[in-house]
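Its first residue numbered 1, the sequence shown is counted upward by one per residue in the UniProt record's numbering.
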Amino acid sequence: MFIDNDSPRLPVITVGTSEYIYVYKNLRPFFRAVLPPLQINSVERDIWGQYDSEETLFELLKNLRSQIGMSALTLKSQHLLTLPQHERHSFLEAHKGTPLVRKNIVTCLSTLRKSHNEDDALACLVIGTENCEIFVLHPETFTPIDEAKLTLTDVPVFLSTAGLFDIDYTLTCTTRSGQLLIGRRGWVSPLLSLSKPPVGVVCLDTSIIVALMDATINCYSDKGSRLWTISAVSPITCLHRVQLRQRNLELVAVGLHNGHVSLYTLSGECTDTISFNEPISALYFGQYGRECNSMVCVTQGGSLHVKILKRSADFTPELKEKGAGAMTKLQIPKKTKLFVDQTMRERENSIVMHRAFQRDAFRMKLATARTLVHVLNTKQSPIQESVKLSAEVLGLGPSFVVRIGVMNIGPKSGVGSTGISDLALFFHWNDKFYDVSPPIIHVPFLVPSVEVKFQAKVESINPNGLADVIRVIVLRKKQAQPILVAMINMPPSEVVF
């Protein structure tokens, strides 16, 4: 994934372990992010601070576990509850002064492109945690985006995404209890319950492919209906999406325990199989050096294999079965009696059908013209004014100066040469990011071809220095319809420590 726009373009590798996220760039450690710790139960804190004996402490923690669950306890309490009786005293003596900490453990990772669908576009890191939460991290600051946080009913174990974060995206995950969940911006809901534990999930634009431990590959729609199911020849170990952009083709690679990697189309047809000597542990398809279509396979013995796709490779299942040079006869369906009757009716009534079509077309044009007149009379269309607006942002933050230029671009002389008056600039912004002063600027009389500039002070109040959009709206007094709306993309602010 890429987290910046620096040149040359260098991707990064993210590794999640415990509550840490390690980022490696150019084969060197680059950054380490830490998930914030979770809140400790007040009853558990009181038990550790007021217990009299080891037996009392163990019984109180055992009762608390039955009430709130094992995952809601701290690591110290979980470790104590799993120890036999003869080891508890030594554990308490060794961890007597250790503070109670409840870590937010990472369970699964995925990536989501931010605003563009190119291979080297900025991508957000998507994280699933032991606390039944899914975070989307900002690609530059690696801080959670609050509006994209999702709370689940169970711990996510496999995660897959599709789409763009700034436009529209779909997030699919499977949980430990065997549930398949689908989520979008701000909401998540259970899609269905799987019959067996999952071993991988791939989220596509309109469908979801899930591999189960019973060696089956299942495809579901985004509504939860099953589209197709196929059985593999060996237990499935991993699953990965294969995108061939040059051919406008999309496949799914399935790693098997017998050392085979099978490629399936989105309709469930096997197009090719690659054999290895050991069971497959992990798969990844993407660019390797200058080769755009490469597959990297890791086996259980620790071997690393790189397979480069031939440019003459053929993934058509029918040609694979019958040979590349075989000529196949097109299966044209027979003409039914209904088709023949319809053809005869069109020949006999061609003039009447044409006149009916022309009548309906004229009615549609008339309805369109009436709608346009209604829009113009009710002033629902944008007001046409010869006003040009320009904006410039000065400063590095957290204090900025926005310089706005307003110009009357009407003709200098002639019949249409008029000035514009009674205008005002109105700023619209998110109060969680900025504070703008003044919010309204009154514009004096504008003569043609003369630009008048105004300034507004913008203070960034976001603690992480994140950027947002500020809208500048040009209004005329006593009119609710805006004349012109401009959007200013503010730069990220420098964080003052």
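C-beta atoms are modelled at their ideal positions from N, C-alpha and C, and glycine is treated no differently.
As the structure is a computational prediction, the values presented were derived from the model and not from experiment.
- Taking the Cα positions, phenylalanine 2 is about 35 Å away from arginine 226.
- Note on isoleucine 236: 16 or more other CB atoms within 10 angstroms of its CB, so buried under the neighbour-count rule.
- Its chain contains Ile3, Lys114, Leu122, Ala123, Cys124 as the residues whose beta carbon lies nearer than 7 Å to that of proline 139, once the 5 sequence neighbours on both sides are disregarded; these appear in chain order.
- With 16 or more neighbouring CB atoms inside 10 Å of its own CB, phenylalanine 158 falls in the buried class.
- In the structure shown, tryptophan 228 falls within a strand segment according to DSSP collapsed to helix, strand and coil.
- Taking the Cβ atoms as the reference, serine 437 lies roughly 16 Å from alanine 424, outside the contact range of under 8 Å.
- Beyond the five residues adjoining it in sequence on each side, serine 303 comes within less than 7 Å, by CB distance, of Glu278 in the same chain, given in chain order.
- Bridge pairing for glutamine 243: Glu250 [DSSP].
- For phenylalanine 135, the three-state secondary structure derived from DSSP is strand.
- Residue state for threonine 74 is assigned as coil, using DSSP reduced to three classes.
- Segment contact: the region 148-164 against the region 100-108, three or more CB-CB distances shorter than 8 Å; contact assigned.
- With a threshold of 16 other beta carbon atoms within 10 Å, phenylalanine 357 falls short and is exposed.
- When secondary structure is reduced to three states using DSSP, glycine 410 falls in the coil class, being assigned neither helix nor strand.
- Of the residues assessed, leucine 475 falls on the buried side of the cut-off, its CB having 16 or more other CB atoms within 10 angstroms.
- Each of His116, Leu249, Thr271, His79 was checked against the Cα of threonine 98, and the nearest Cα belongs to His79.
- When rounded, the separation of the alpha-carbon atoms in leucine 256 and serine 177 is 23 Å.
- Within the model, the alpha-carbon separation for phenylalanine 31 versus proline 37 is close to 19 Å.
- Taking 8 Å as the upper bound for CB-CB distance, tyrosine 24 and isoleucine 40 are not in contact here, some 32 Å apart.
- Phenylalanine 165 is positioned such that its CB atom lies closer than 8 Å to that of leucine 112.
- Taking a C-beta distance under 8 Å as the contact criterion, valine 101 and leucine 75 qualify as a contact pair.
- If only uninterrupted beta strand (DSSP E) runs of at least 3 residues are considered, those enclosed by the UniProt domain "Bardet-Biedl syndrome 1 protein GAE" (387-494) are 387-394, 399-408, 423-428, 434-437, 440-443, 451-460, 469-476, 484-489.
- Contact annotation: leucine 181 and serine 189 have beta-carbon atoms nearer than 8 Å.
- Out of Ala367, Ser460, Val352, Lys365, the CA that lies nearest to the CA of valine 401 is found in Ser460.
- Rounded to whole angstroms, lysine 103 and glycine 224 show a C-alpha spacing of 34 Å.
- Taking 8 Å as the cut-off, the Cβ atoms of proline 439 and phenylalanine 427 count as close.
- Relative to the Cα of valine 469, the nearest Cα in the group Ala369, Gln481, Val485 belongs to Val485.
- For a cut-off of 8 Å, the C-beta gap from glutamate 494 to glycine 397 is around 5 Å, short enough to register as a contact.
- Exclusion of the five residues before and after isoleucine 441 leaves Leu425, Phe454 as the residues of its chain whose Cβ lies within less than 6 Å of its Cβ.
- A residue is called buried when at least 16 other Cβ atoms come within 10 angstroms of its Cβ; threonine 172 meets this threshold and is buried.
- With fewer than 16 other Cβ atoms inside 10 Å of its own Cβ, proline 491 counts as exposed.
- Counting only unbroken stretches of 3 or more residues, the beta strand (DSSP E) elements lying wholly within the region 136-185 are 156-164, 168-175, 179-184, in sequence order.
- The continuous beta strand (DSSP E) containing glutamine 287 extends over residues 280-288.
- Across the set Val373, Val375, Val406, the C-alpha of Val406 shows the shortest separation from the C-alpha of leucine 389.
- When rounded, the separation of the alpha-carbon atoms in aspartate 431 and valine 458 is 11 Å.
- As a beta-bridge residue in DSSP terms, histidine 260 pairs with Ser275.
- In its own chain, leaving out the 5 sequence neighbours on each side, no residue places its CB closer than 7 Å to the CB of glutamate 348.
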